[in-house]
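Q:
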Amino acid sequence: MKKPKIRLTLVDQKGTMGCHRGHRIGDTFDFDTERGRLCPMAMHVAFPYVDILRYGGTLPARPDGSFQFCCPDVDVINVFRIDVEKEEAETKDLPREEK
Numbered sequence: 005m006k007k008p009k010i011r012l013t014l015v016d017q018k019g020t021m022g023c024h025r026g027h028r029i030g031d032t033f034d035f036d037t038e039r040g041r042l043c044p045m046a047m048h049v050a051f052p053y054v055d056i057l058r059y060g061g062t063l064p065a066r067p068d069g070s071f072q073f074c075c076p077d078v079d080v081i082n083v084f085r086i087d088v089e090k091e092e093a094e095t096k097d098l099p100r101e102e103k
């Protein structure tokens, strides 16, 4: 089973200061290739959720179907959305029997 692609997007900031790591609303991170750019505090919170999704589990969703989490930095409280990019199932064209 191929692991789905996971994308993390900063969708809101609730605190009174700017992000110490410099993240801004709209920043998006591909978990496989860009997780090193993500703030370690946010990554620490995201990892268990990402791990569940990558291995076929589900998470409780918001009414709009999305899943969000926030970093633990009380000065900024970045809110991230997790998106799972589902890949189309691989299918093989099998020869059809002629009748």
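Once you know that position 80 of the sequence shown is 84 in this note's numbering, the rest is easy, because the numbers rise by one and skip nothing.
For every residue, glycine included, the Cβ atom is placed at its ideal position computed from N, Cα and C.
Give the DSSP bridge partners of Leu63, in chain order.
A: Leu63 pairs with nothing; no bridge assigned.
Q: Beta-carbon separation of Gly26 and Val80 under 8 Å?
A: Cβ atoms of Gly26 and Val80: not closer than 8 Å.
Q: Run through DSSP, which three-state label would Thr37 get?
A: Helix at Thr37.
Q: Which residue or residues does DSSP assign as beta-bridge partners of Phe73?
A: According to DSSP, Phe73 bridges with Phe84.
Q: Within the continuous beta strand (DSSP E) that includes Leu57, where are the two ends?
A: Looking at the DSSP string, Leu57 is not in any beta strand (DSSP E); the run it does join, the alpha helix (DSSP H), is 44 to 58.
Q: Give a yes or no on whether the C-beta atoms belonging to Val49 and Phe71 are separated by under 8 Å.
A: No, Cβ-Cβ distance for Val49 and Phe71 is not below 8 Å.
Q: Taking the alpha carbon of Val83 as the reference point, which residue from Asp55, Met45, Arg58, Lys7 has its own alpha carbon closest?
A: It is Met45 whose Cα lies nearest to the Cα of Val83.
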